[in-house]
Structures are given as structure tokens and as C-alpha cells.
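Undergrad:
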Amino acid sequence: MKSQTLSRRNLLIASGGIAVTSLATPSFAVEPSIDPLGKDLIFRTADPRNGEPKLSKLVQSWLTPTKHFYVRSHAPNPQINVDKFVLTVEGKVRTPLALTMDQLKQLPRHNLTATLTCAGNRRSEFNTEGKVGGVQWAAGPIGNAKWSGFALSDVLRKAEVLEEARHVWFEGLDQIQRSNAVIPFGGSIPIEKAMVNETIPGAVLADQMNGQQLTPDHGYPLRTIVPGYIGARSVKWLGKIVVSDKPSPNHYLATAYKLVKKTDPIDWTESGPIYRYPINGAIATPEAGVTVPAGRLDISGYVLPTGLMNSRAHRIEISTDNGVTWVAAKVTDGNSDFCWQLWKARVKVTSRTTSLLMRASDNTGGFMPQRVAWNAKGYLQNSWYRLPIRVS
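Note that this note's numbering has the sequence shown beginning at 13, numbered continuously upward.
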């Protein structure tokens, strides 16, 4: 199994070339206490709301209950009157649209299960190399849910996309204060992805999550779900779609969510946006820093294969001796496109064991490398996962 470096193919899947230089080690030993106002999530920031579940709760089921699904926001939840809600579609189209929720519900409904993950998943591990900005996530900003809504391709066909269209922009109804301006969260995806209309659409305009209407934290009344792409491309509180011949100029695509190694504005501008997520994984149980008896130890966790159709974990391995030897883990749940897989393993730990390591590869050639280069915003941390433990 490849393990020492991150291949050019594996990284280009997500964004652009970047050197591999550092082994990440989690900077946390014990998770901080749970916010009493959000007993199901650990809130890294309260305003705006950014919370992740304890990993032991996260892997209790393949489908993530909404209460345990991470929340990522850049501004307070907007107050939206659904009776006055209108989704506009404009730009490189013959027929601009203004659709109410009732009109959207006249379109064919699509149901899919897909995993969302923040590009900053495991960000806090980068801090051993140097402080990174952004929400200091552990390995919990990931979740697998049932989504229901309307294929983006159906909406675009209704609007009659022009031949010169190359990208589809999304704009939310939230209001984010940046310097002296107020902007919405936004982004875009290539037109080829937007127009996919197979069993799993390239993108869905979802109004339901896990069989219920979306909650405000998750984008009520409408959000995009883009299977295989980082969570930032699944825009919440969707209010506007623009078809264009160029990518969105919105800050969260044009500047943020890029892999750069310094804060030089030229680098931020010239580096390409992150779209597809790479393979990633974590150990969920036991919890970090716990003391366990010597002998056999049952462990569990998750792996998210590369965000491609038909991608599945090919190998999941655990080491108790800092990578000298490895034991295979077994997938226990999950065999669906664009979804994570849960796994379990039984390993032997001794008084010399100070940590557990986890790595994985998938059938597309993606793999978790031993080292990932530090980057300024702490994106795409998918190196071998290290869980510190004590053995009595």
C-alpha cells in the first residue's frame, strides 16, 4: 500500500499540486466540554454556529441523525419567510426563472444519500506545524444523510442554458460581514457537474434531510447538495443561481477554500478552488487520551473514499507500533456512491503502545498519505490518523 507520500494524482483530484512535507499529529488529547446550549454538538464557535459531534456518537450509525450532523456557518442563520421565498435563476440562460417553493415541488423529486464533509475536517492537527486560521475542527465535521429535493439539471433545462455556459454559481441568503462589505456565502461548480442527470444527480436542490424539512442550521428552506465535492460547494439558504461562462467571483470560491502555503494575495488568487474531496478517515473509538488495559482492544471509525462515482475503500489498516506493522480493519456498514464507510478492528496493545494509527486507500487510487503539507487555512488534512492512548 502507498503510504509515504501524497501522489500527484491523489492531490490533483482535490485541487492542485502541493509538496508533501509534514506528519500531522492531533493537537487534542481530550475533547473540550460540550456547549450546554447544544448538547449534541461540540461548538467550536457559538456565533456563527460551528459545531461537530463527539466521534463516538458520529459512528453509532451509517446514517447520521440530524442532531449529530455537523453545522458549518459563516454568519447567523438568516430568517426566511418561506411563503415569500423565491429562487432566481439568471445569467447565461434563455429563460430567467423566479421559482417559489410550490413551483419547485412540481419538478420530479430525487432522493439520495450522500456524505458531506468540511474541507477543514481535522484542521486542528496542522497546528503542530504552525497556527492555521479557521474553525479548529477535530475529525467530526462530516456526516452522512438522506437528502431529498430537485435535480439542478432539471431547473437548468427549464431555464434553457446557453451554449457558452461553463459554470453554475450558487448564492445563499445569509449575510456575512467582511471588512466594509456584507456578502452572501457562495460558490460555483462546473456546468458538466451541474448537468449530470443520472441515478445520482450532479447536484440536488434539497428541501429535506433525513425525511424532514431542513432545519435552519442546515439551510432551510433550500440548499444545494453536490455529491463528491467539499461541503463548501453545498450552499445553504440558497436564493440565487447564476449560469456563467466563468467561475463565481464570490469570496468563498475566488479566494477562500484554496490550498496555499502562505498568505500572499497572489497565491490566494492564482491557486485553483477545491472541489472534490480526497479520501479521509479517523478512529472514533476509543476516545483520545483514554487509558485501556493491555491486551485485545476493539476500535472503530470511518473512512470516506475519494469523491468519485463507484469509489470504495480498498484497504483500511491500523497500527499499534507507530507504523511498523499493520492490521486490517473490516468495513461494517456502507457500500454506496458518495458515502462514507464505517469500520471496526481488533488489535493488540501493550505497555509500549502510545497511539493508534489508521490509514486507508480506495479503488480509485486515492490513499491517506503519511504526511500532508501544512497550508495556511488547514484544508484537506487526510494524513494517517493518530489517536493517543495510554495502556495500563
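Each residue gets a CB set at the ideal place from its N, CA and C atoms; glycine is no exception.
In angstroms with no decimal places, state the Cα-to-Cα distance between N322 and S373.
TA: 14 Å
Undergrad: Can the beta-carbon of R169 be found closer than 8 Å to that of W149?
TA: no
Undergrad: Could you check which residue in F197, K117 and A171 has the C-alpha nearest to that of S160?
TA: K117
Undergrad: If you drop the 5 nearest sequence neighbours on each side, which residues of the same chain put their C-beta closer than 6 Å to that of N347?
TA: none
Undergrad: State buried or exposed for A385, treating a residue as buried only when at least 16 other CB atoms are found within 10 Å of its CB.
TA: By the neighbour-count rule (16 or more Cβ atoms within 10 Å), A385 is buried.
Undergrad: Can you say whether N262 is buried or exposed, counting buried as having 16 or more other CB atoms within 10 angstroms of its CB?
TA: Buried is the call here.
Undergrad: Starting from the Cα of L265, find the closest Cα among L70, E183, G390 and A218 and give me that residue.
TA: E183
Undergrad: Under three-state DSSP, which class holds S165?
TA: helix
Undergrad: For P202, does the count of other Cβ atoms within 10 angstroms reach 16, so buried, or fall short, so exposed?
TA: Exposed is the call here.
Undergrad: Determine the burial state of D388: buried for a count of at least 16 other Cβ atoms within 10 Å of its Cβ, exposed for fewer.
TA: In the sequence as presented, Asp is not what sits at residue 388; that position holds Ala. The residue in question, A388, is buried, as its Cβ has 16 or more Cβ neighbours within 10 Å.
Undergrad: Along the chain, where does the alpha helix (DSSP H) containing M113 start, and where does it finish?
TA: Residues M113 to L116.
Undergrad: Comparing C-alpha positions only, which one of G152, G199 and L99 sits nearest to G284?
TA: The residue among G152, G199 and L99 with its C-alpha nearest the C-alpha of G284 is G199.
Undergrad: Within a Cβ cutoff of 6 Å, which residues of the same chain sit near A177, ignoring the five residues on either side of it in sequence?
TA: K104, I203 and V255
Undergrad: Does the Cβ-Cβ distance between P213 and H122 come in under 8 Å?
TA: yes
Undergrad: N139 by DSSP, collapsed to three states: which one?
TA: helix
Undergrad: Can you round the beta-carbon distance between A151 and A294 to whole angstroms, since I take them to be within the 8 Å contact cut?
TA: 4 Å
Undergrad: Whose CA, out of A296, L217, T344 and Q393, lies closest to the CA of L70?
TA: When the alpha-carbon of L70 is set against those of A296, L217, T344 and Q393, the nearest one is in A296.
Undergrad: How would you call R364, buried or exposed, if buried means at least 16 neighbouring beta carbons within 10 angstroms?
TA: Flag for R364 reads exposed.
Undergrad: Count the other C-beta atoms from every protein chain shown that fall within 10 angstroms of the C-beta of P48, then say buried if there are 16 or more, exposed otherwise.
TA: With a pLDDT of only 44 at P48, under the threshold of 50, the placement of this residue in the model should not be trusted, and no figure is reported.
Undergrad: For T376, which residues of its own chain have a beta-carbon under 6 Å away from its beta-carbon, when the five flanking residues on both sides are left out?
TA: Within the same chain, T376 has close Cβ partners T318, L320 and S323.
Undergrad: Straight-line CA distance for Q452 to W74?
TA: Because residue 452 is not part of the residues shown, which for the chain are 13 to 404, the question remains open.
Undergrad: How would you label D114, buried or exposed, when you count the other beta carbons within 10 angstroms and need 16 or more for buried?
TA: exposed
Undergrad: From A157 to T76, what distance separates their C-alpha atoms?
TA: 6 Å
Undergrad: Identify the continuous alpha helix (DSSP H) that holds L368 and give its terminal residues.
TA: Premise fails: L368 lies in the beta strand (DSSP E), S367 to D374, not in any alpha helix (DSSP H).
Undergrad: Which class does H230 belong to by DSSP, given the choice of helix, strand or coil?
TA: helix
Undergrad: May I have a chain-ordered list of the alpha helix (DSSP H) segments no shorter than 4 residues that lie completely inside the segment 170 to 244?
TA: 203 to 206
Undergrad: Buried or exposed, going by whether 16 or more other CB atoms sit within 10 Å of the CB of V272?
TA: buried
Undergrad: Whole angstroms is fine: what's the gap from L128's alpha carbon to I92's?
TA: 24 Å
Undergrad: By the three-class DSSP mapping on this structure, what secondary structure does K273 have?
TA: coil
Undergrad: Straight-line CA distance for T344 to D219?
TA: 30 Å
Undergrad: Can you tell me the Cα-Cα spacing of L67 and S331, whole angstroms?
TA: 19 Å
Undergrad: Does the beta-carbon of T236 have 16 or more other beta-carbons within 10 angstroms, so that it is buried, or is it exposed?
TA: buried
Undergrad: Tell me whether the beta-carbon of S312 lies closer than 8 Å to the beta-carbon of W355.
TA: yes
Undergrad: Check whether the Cβ atoms of T100 and K252 lie closer than 8 Å to each other.
TA: The criterion of a C-beta distance shorter than 8 Å is satisfied by T100 and K252.
Undergrad: Check whether the Cβ of R358 sits closer than 7 Å to any heavy atom of the ligand SAH, and report yes or no.
TA: The ligand SAH is absent from the structure shown, which contains no ligands of any kind.
Undergrad: If you drop the 5 nearest sequence neighbours on each side, which residues of the same chain put their C-beta closer than 7 Å to that of A325?
TA: Excluding five sequence positions before and after A325, the CB atoms of its chain that fall closer than 7 Å to its own CB belong to V315, P317, V343, Q353, A372 and D374, given in chain order.
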